[in-house]
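A.B. asks: Each residue of the sequence shown is one higher than the last, beginning at 0 in numbering that gives the first Met the number 0.
Quick reminder that beta carbons are idealized off the backbone N, C-alpha and C, glycines included.
My structure is below; once you've seen it, I'll send some questions.
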Amino acid sequence: MIALLFTLAAAAAPDVKYVVKIEPRSWQPIEPESLEKVIEAKSLEPLTQKGLMRLEKGKFSELAEADFSLMMEGRFIEDAGQFSVYITFTPQKRSDAPSVYVIDTDEVEDKTPQEMQKIISALVVRAAKRMATTLEPHLRASSTAAPLIDNDALPLAWGEIDVPSLNAPTGALKDLINVRNEDHVRWKAFADLKGHAFDQPAARSALELCVLRDPLPKLRADCAEALAPVARTRIETQRLLLHVLRTDVEPEVMRAVADVSKSFVGISRKEALATWMQVISDDATPDEAARSISQLLREENGLPNLELATSKCLLSQALTEQKRGACAETLLDKVKPERRAAVAWRYLETAKIYDQGAVNTYKEVLENVVGRSGPVDAALADMLLARAPRRDSMWATHEMIYIARRHSAPTAATIDSLLEVAKRRRFASSALQSIGEIVSKHPELKAPALSALKRFDGQQTYMAYQSHGDPKKDLAQLIKRMEK
Numbered sequence: 000m001i002a003l004l005f006t007l008a009a010a011a012a013p014d015v016k017y018v019v020k021i022e023p024r025s026w027q028p029i030e031p032e033s034l035e036k037v038i039e040a041k042s043l044e045p046l047t048q049k050g051l052m053r054l055e056k057g058k059f060s061e062l063a064e065a066d067f068s069l070m071m072e073g074r075f076i077e078d079a080g081q082f083s084v085y086i087t088f089t090p091q092k093r094s095d096a097p098s099v100y101v102i103d104t105d106e107v108e109d110k111t112p113q114e115m116q117k118i119i120s121a122l123v124v125r126a127a128k129r130m131a132t133t134l135e136p137h138l139r140a141s142s143t144a145a146p147l148i149d150n151d152a153l154p155l156a157w158g159e160i161d162v163p164s165l166n167a168p169t170g171a172l173k174d175l176i177n178v179r180n181e182d183h184v185r186w187k188a189f190a191d192l193k194g195h196a197f198d199q200p201a202a203r204s205a206l207e208l209c210v211l212r213d214p215l216p217k218l219r220a221d222c223a224e225a226l227a228p229v230a231r232t233r234i235e236t237q238r239l240l241l242h243v244l245r246t247d248v249e250p251e252v253m254r255a256v257a258d259v260s261k262s263f264v265g266i267s268r269k270e271a272l273a274t275w276m277q278v279i280s281d282d283a284t285p286d287e288a289a290r291s292i293s294q295l296l297r298e299e300n301g302l303p304n305l306e307l308a309t310s311k312c313l314l315s316q317a318l319t320e321q322k323r324g325a326c327a328e329t330l331l332d333k334v335k336p337e338r339r340a341a342v343a344w345r346y347l348e349t350a351k352i353y354d355q356g357a358v359n360t361y362k363e364v365l366e367n368v369v370g371r372s373g374p375v376d377a378a379l380a381d382m383l384l385a386r387a388p389r390r391d392s393m394w395a396t397h398e399m400i401y402i403a404r405r406h407s408a409p410t411a412a413t414i415d416s417l418l419e420v421a422k423r424r425r426f427a428s429s430a431l432q433s434i435g436e437i438v439s440k441h442p443e444l445k446a447p448a449l450s451a452l453k454r455f456d457g458q459q460t461y462m463a464y465q466s467h468g469d470p471k472k473d474l475a476q477l478i479k480r481m482e483k
């Protein structure tokens with residue numbers, strides 16, 4: 000029996016093609032071919048041990064032929080003395096799981112090749128385990144509408160940045176990095192140094208320290224912009240700027256760094272996109288900065304961790320709706336239509352809708368998920384009806400009632416749920432109208448619906464309100480029409 004269960008699990012596991020690639024660098028203490036073997040061997044066991052997927056090595060040109068694809072990449076970062084591994088899981092023929100991008104980094108400086116290999120093996124295992132943990136609930140789910148598990152954080156471990164240092168700096172170098180100097184002194188030093196970031200390492204280091212530490216947001220932003228020429232090619236500067244983007248809270252600094260990171264290419268571009276996704280989904284990101292990042296993301300496709308970041312952003316505990324609205328407008332629209340219910344499910348189920356801003360965001364998310372017409376997934380429609388009577392749903396209850404009319408597989412329980420909503424006078428007529436429309440599309444529900452309506456009529460009373468309609472009259476008319 001156990002053998003049979005394993006056979007069935009293996010048969011259901013998706014086919015995943017994978018490739019392994021080491022980015023060539025000037026500092027390459029271990030041969031790329033050897034590193035590829037290490038990354039491949041250490042990734043496969045965590046990814047396959049629970050039967051989540053059937054992995055097969057392939058070529059880049061073959062990745063689209065499988066259900067999903069995996070790209071395993073690695074690179075040394077010279078001046079920082081680090082090694083980073085990147086694992087990218089991408090839907091191909093199947094779309095019932097999210098794209099997931101995992102990063103892990105560790106120090107390998109001043110180590111022998113054997114010690115380096117041991118460190119790299121450990122970080123690859125960590126990254127592969129994080130990938131498997133993130134994917135497991137989705138690959139085991141039976142429906143593309145299965146909700147994403149709540150994510151407190153994206154599966155990214157950036158490692159420590161290489162903070163530059165200057166030995167016995169003098170002149171403009173000393174003036175810029177000494178935060179005790181008057182503002183005008185630091186500004187003058189910046190003016191003297193900004194044109195030398197590319198060709199003078201000391202000037203570059205001073206500007207990097209300025210981005211990290213200067214107390215003036217405007218000066219930090221200008222120092223970031225001055226680093227743009229060197230950041231096009233130097234990985235350590237790229238990673239320092241991305242660290243600033245993830246940790247600074249001043250919108251003008253974050254906007255300047257994001258603009259510089261648009262020029263990154265290769266793996267660094269993937270890091271930039273992953274950082275943008277992390278920033279926009281982070282509770283601590285200011286609204287203004289989130290809007291700036293949102294504008295950048297409008298032009299991008301193939302975003303790493305798109306579904307995880309969108310879900311996290313919608314569930315954000317931010318005090319205003321503006322950032323959530325940016326995610327609803329920008330990110331959710333980039334999610335494949337068949338995956339939007341999974342991404343937005345927790346938000347649609349739990350959002351507190353107490354004001355106009357909240358209801359505007361909720362309506363936008365709901366419309367993005369279900370569209371303007373056509374049947375709505377039965378489980379999603381049932382969930383919305385279950386929350387419709389709650390007090391934190393009142394501003395959007397009418398929308399939930401209307402969705403019920405598009406229920407793809409209504410049952411007698413659907414009628415009962417609508418009658419539960421109809422106990423509130425303000426929603427009664429809409430709920431009754433929805434019941435009428437459902438029965439007209441599904442005649443097999445006529446008998447149980449009529450029985451439920453008559454019981455409801457005998458039990459329910461409403462206070463009279465002039466010029467607010469008469470639910471009891473609407474109920475009587477609906478029963479009369481269904482009795483014909």
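So E72 is in the alpha helix (DSSP H); what residue range does that whole segment cover?
C.D. replies: First-last for E72: F67 to I76, but that is the beta strand (DSSP E), not the alpha helix (DSSP H).
A.B. asks: Restricting to runs no shorter than 3 residues, where is the beta strand (DSSP E) found entirely within the segment 86-160?
C.D. replies: You should have 99-106.
A.B. asks: Which one of E298, A79 and E39 has the shortest CA to CA distance from V123?
C.D. replies: Residue E39 is the option with its Cα nearest to V123.
A.B. asks: Going by C-alpha to C-alpha distance, which of K422, Q48 and K479 sits closest to Y461?
C.D. replies: Among K422, Q48 and K479, the Cα nearest to that of Y461 is on K422.
A.B. asks: Which runs of the alpha helix (DSSP H), 4 residues or longer, sit entirely within the segment 331-385?
C.D. replies: DSSP runs (the alpha helix (DSSP H)) wholly in the segment 331-385: 339-349 and 355-369.
A.B. asks: Look at the Cβ atom of I118, then the Cβ atom of G73, and state whether they are nearer than 9 Å.
C.D. replies: Contact: no.
A.B. asks: Nearest to R297 by CA position, among R179, W275 and R404, is which residue?
C.D. replies: That would be W275, whose Cα lies nearest to the Cα of R297.
A.B. asks: Measuring CB atoms only, is the segment 379-386 touching the segment 339-350, in the sense that at least three cross pairs come out at less than 8 Å?
C.D. replies: A contact exists between the segment 379-386 and the segment 339-350.
A.B. asks: Put D14 into one of helix, strand or coil per three-state DSSP.
C.D. replies: In this structure, D14 counts as strand in the three-state DSSP scheme.
A.B. asks: Out of S293, R238 and S94, which has the shortest C-alpha to C-alpha gap to I160?
C.D. replies: The shortest Cα separation from I160 among S293, R238 and S94 belongs to R238.
A.B. asks: Considering only the alpha carbon of each residue, which of V19, F82 and Y85 lies closest to E55?
C.D. replies: Comparing Cα positions, the closest option is V19.
A.B. asks: So what's K453 in DSSP terms, helix, strand or just coil?
C.D. replies: DSSP places K453 in helix when its eight states are reduced to three.
A.B. asks: Taking I266 as the reference, which of D213, V375 and S83 has the closest Cα?
C.D. replies: Of D213, V375 and S83, the residue nearest in Cα terms is S83.
A.B. asks: State the start and end residues of the unbroken beta strand (DSSP E) segment that holds E55.
C.D. replies: Where E55 is concerned, the enclosing beta strand (DSSP E) stretches over R53 to K56.
A.B. asks: With S407 as the anchor, note down where its alpha helix (DSSP H) starts and where it stops.
C.D. replies: Looking at the DSSP string, S407 is not in any alpha helix (DSSP H), and its letter there is neither H nor E.
A.B. asks: Looking only at its chain, what residues have a beta carbon closer than 7 Å to the beta carbon of E419, apart from the 5 residues adjacent to it on each side?
C.D. replies: Hits under 7 Å: P388.
A.B. asks: Under a three-way DSSP split, which group does K483 fall into?
C.D. replies: Coil at K483, not helix or strand.
A.B. asks: Per the DSSP calculation, V19 is bridged to which residue(s)?
C.D. replies: DSSP output for V19 lists M71 as bridge partner(s).
A.B. asks: Hey, how far is the Cα of A126 from the Cα of A451?
C.D. replies: Computed Cα separation, rounded: 55 Å.
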